[in-house]
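In my numbering, the protein residues as written are 55 to 212. Where a beta carbon is used, it is the ideal one built from N, C-alpha and C, also for glycine. Bear in mind that the values here come from a model prediction, so they are computed numbers and not experimental data. Here's the structure we're looking at; comments come further down.
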Amino acid sequence: NSIYSRFFYVPSLPLVAITVVVWMEFGGKARFWRTGLTVLLVLGALIYFWALQGNNRLWEHASDVTSTISEETYALVPDPPPNSSFYYKGLEEGLGIHIFETNLQGLIHYKYGRTDLRVSRLEPEIDSRRDAPIYFFYYNAETDELQSAGMLPALTGS
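This is the structure in structure tokens:
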């Protein structure tokens, strides 16, 4: 579930190359070596690709959720004032990390066509001098829906 797990794809290639070289070197020696190394190579490949597929599914799901959140945020708040903040709750820890790693803020900026909006899944620090509203959302993972959880208006003139 590491958000950095995708960085292991390319470095794992030397492991595959070493395995192939060892198999080529010892694979032709004796039937024992040939059979054992072939079994290890097949088992290793199966485990590797099983893990790779699981990790890819996690990233794909995070991408789908990110897309849903950005679309539903836009539907709930079609024209927020400048410098507004969006805070999201209900994201699972692992999934939440992947969602923000897939650039929810960038997608929100793209959806609204502006870059002044702030996006976070952390608890906000309520600033008594804030000049823009703070919107709160709750993501229900079971129904794949985003719900508005309230808004703190801007405090102007404070």
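What three-state label does DSSP hand Arg-172 in the structure shown? Locating residue 172 in the sequence shown gives position 118, where the first residue counts as 1. Per DSSP, reduced to three states, the secondary structure at Arg-172 is strand.
Suppose you measure from the CA of Asp-133 to the CA of Ile-162; what does that come to, to the nearest Å? For the purposes of this step, residue 133 is taken as residue 79 along the sequence shown, with counting starting at 1. For the purposes of this step, residue 162 is taken as residue 108 along the sequence shown, with counting starting at 1. Between Asp-133 and Ile-162, the C-alpha separation is close to 12 Å.
DSSP three-state call for Ser-139: helix, strand or coil? Position 85 of the sequence shown, counted from the start, is the residue given in the question as residue 139. Strand.
Which residue or residues does DSSP assign as beta-bridge partners of Ile-188? Locating residue 188 in the sequence shown gives position 134, counting from the first residue. According to DSSP, Ile-188 bridges with Ser-139, Leu-206.
Can you tell me where the alpha helix (DSSP H) holding Leu-145 begins and where it ends? Numbered from its first residue, the sequence shown carries residue 145 at position 91. Leu-145 -> no alpha helix (DSSP H), and no H or E assigned at all.
Starting from Gly-160 and walking both ways along the alpha helix (DSSP H), at which residues does that stretch end? Translated into the one-based positions of the sequence shown, residue 160 becomes position 106. Start and end: 158 to 166.
Give the DSSP-derived three-state secondary structure of Glu-199 in the structure shown. For the purposes of this step, residue 199 is taken as the residue at position 145 of the sequence shown. Reduced to three states, the DSSP call for Glu-199 is strand.
For the stretch 115 to 128 against the stretch 90 to 101, do three or more pairs of beta-carbon atoms, one drawn from each stretch, fall closer than 8 Å, so that the two count as touching? Judged by Cβ distances under 8 Å, the stretch 115 to 128 makes no contact with the stretch 90 to 101, as fewer than three pairs qualify.
Find the nearest neighbour of Pro-207 within the set Asn-137, Thr-169, Arg-168, Asn-157, judged by alpha-carbon distance. What you label residue 207 is simply residue 153 of the sequence shown in a count that begins at 1. Among Asn-137, Thr-169, Arg-168, Asn-157, the Cα nearest to that of Pro-207 belongs to Asn-137.
Beta-carbon proximity list for Pro-135, same chain, < 8 Å, skipping 5 on both sides: Position 81 of the sequence shown holds residue 135. The residues are Ala-186, Pro-187, Ala-208.
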